[in-house]
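Residue 716 is where the sequence shown starts when you use the numbering used here, and the numbers rise one by one after that. Ideal Cβ placement from N, Cα and C applies to all residues, glycine included. Have a look at the structure below before the remarks.
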Amino acid sequence: MNVLVVNAGSSSLKLSVLGQDDTVLAQHHVERWDGTPDLDLRLPPVHAVGHRVVHGGARFTGPIVITPAVRRDLAALTDLAPLHQPRALAGMDAARVLFPDVPHVACFDTAFHRTLPAAASTYPLPAEWRDRWDLRRYGFHGLSHAYAARRAVELAGGGTRVVTCHLGAGCSLAAVHDGRSVDTTMGFTPLAGLPMATRSGDLDPGLLLWLSDRLGAGELADGLAHHSGLLGLSGCADLRDVHAAAAQGDPKAWLALDVFTHRLRQGIAAMAASMGGLDLLVFTGGIGEHDGDVRARVVDGLEFLGLVLDREANAAASGDARVGAEASRTPVWVVTAREDMEIAAGARAALAADTVL
């Protein structure tokens, strides 16, 4: 079965067709996609379409065949992931126009984190609020974390307690114990956790209340999602531009790097604490795979976890690569992100189970 994988980002659209053995038969990347179904594609035969969906809420905990009712329910979750959910829906609509006669399956970034224990997923809020609105830590980037953890264990030849670092425009960490997510940095929405390209990450809720008295709700939401993070700190959302500015001596860029890597070290240590230790540290995503400077800055602060970087291997890393030194008690790996493989596998599993609402 050939599966077309549709990964609609906040501005881009990534398409790939995977054969039964996960061979990539075709790829197409639209850097600036306006959400229209007018796509000029030459693809091999497609037997099913798998869609990445960021938020599945409390209801969707695994891959599901998309029916009109499922699409309506996913649209109702838009306010929980306003940067991503509308794009996923647009991707569904565009792909449905191109492939109206094959099944379409939604695969969720939140699904991998459904195994979070209550201690990690429960917010200390009034029970009435939690029950009324399903308030909990959902976690995100689950498709990436699931693949990276499994692949790294294969490459390293074992490892029970794994911390995966998905670092890109969006960033999150996950604590993966025996293949199951037991903690993560993102929360009820993808705004929580680490500082990101334009998202703030975790903030004092008292600060947000203080700001809400001085800004309108729309301005506050826009600022937290679109004008914070690296952009708010340095004026640059792309970490490559931050590095370039830092090389020119820009103090704002140095501050952005310091804040970003400080929070990363802090988060990795917290994830390790959730598992009582660390057997394997994994970097993935655009920054995680390609920014050796960030990896070095992070690992250099975590020697107490048994982490030692191989400078030459780190600088030369390409694709799946071990970047930890031989003396490192805890292996450090870079793993190429393959959300497409997770989505294709999820689509096939849903169709095999005939999971239709």
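Worksheet entry | Where the alpha helix (DSSP H) containing Phe-975 begins and where it ends | Under the DSSP assignment, Phe-975 falls in the alpha helix (DSSP H) whose first and last residues are 966–990.
Fill in: Cβ shell of Pro-832 (< 8 Å), same chain only, five flanking positions each side left out
The residues are Val-897.
Fill in: Which listed residue (Glu-1018, Ala-1036, Glu-1057, Ile-1058) has its alpha carbon closest to that of Ala-1042
Relative to Ala-1042, the option among Glu-1018, Ala-1036, Glu-1057, Ile-1058 whose CA is nearest is Glu-1018.
Worksheet item: When DSSP builds the beta bridges, which residues end up paired with Arg-847?
Response: Its beta-bridge partners do not exist; DSSP assigns none.
Worksheet item: Just how far apart, CA to CA, sit Pro-759 and Gln-742?
Response: Roughly 10 Å separates the two Cα atoms.
Item to complete: Sort Glu-1004, Tyr-853, Val-820, Arg-757 by Cα distance to Thr-830 and report the nearest one.
Response: Answer by Cα proximity: Tyr-853.
Item to complete: Confirm, please, whether the CB-CB distance from Ala-805 to Gly-885 is below 8 Å.
Response: In this structure, Ala-805 does not lie closer than 8 Å to Gly-885 by Cβ.
Worksheet item: Once you ignore the five residues that flank Leu-840 on each side, which residues in its own chain have a CB closer than 8 Å to its CB?
Response: When the five nearest sequence neighbours on each side are left out, the beta carbons in the same chain lying within less than 8 Å of the beta carbon of Leu-840 are those of Leu-850, in order along the chain.
Discussion item. What would DSSP say about Asp-808, mapped onto helix, strand or coil?
Written reply: Helix, per DSSP.
Worksheet item: What's the call for Arg-1044, buried or exposed, on a 16-neighbour Cβ count within 10 Å?
Response: Exposed is the call here.
Discussion item. Looking at Val-721: is its Cβ nearer than 8 Å to the Cβ of Ala-810?
Written reply: Contact flag set, yes.
Practice prompt. Just tell me which of Asp-928, Asp-953, Arg-929 has its CA closest to the CA of Met-911.
Written response: Closest option to Met-911, Cα to Cα, is Asp-953.
Practice prompt. Could you tell me which of Gly-992, Glu-1057, Leu-945, Arg-1026 sits nearest to Leu-1020, measuring between CA atoms?
Written response: The residue with the shortest Cα to Cα distance from Leu-1020 is Gly-992.
Discussion item. Relative to the C-alpha of Thr-976, which candidate in Asp-794, Cys-880, Asp-736 has its C-alpha closest?
Written reply: Minimum Cα distance to Thr-976 is reached at Cys-880.
Fill in: Touch test, the region 1025–1036 against the region 965–984, Cβ-Cβ under 8 Å, three pairs minimum
Put simply, the region 1025–1036 does not touch the region 965–984. Fewer than three CB pairs are less than 8 Å apart.
Worksheet entry | Simplified DSSP state of Trp-748, which is helix, strand or coil | Secondary structure of Trp-748 (DSSP, three-state): coil.
Worksheet item: Where does the unbroken alpha helix (DSSP H) through Asp-898 begin, and where does it stop?
Response: Asp-898 -> not in any alpha helix (DSSP H); beta strand (DSSP E) instead, spanning 895–899.
Discussion item. Per DSSP, what are the beta-bridge partners of Cys-880 in this structure?
Written reply: As a beta-bridge residue in DSSP terms, Cys-880 pairs with Leu-888, Phe-998.
Practice prompt. Just mark His-744 as buried or exposed, buried being the case when its beta carbon has 16 or more other beta carbons within 10 Å.
Written response: Exposed, because fewer than 16 other Cβ atoms sit within 10 Å of the Cβ of His-744.
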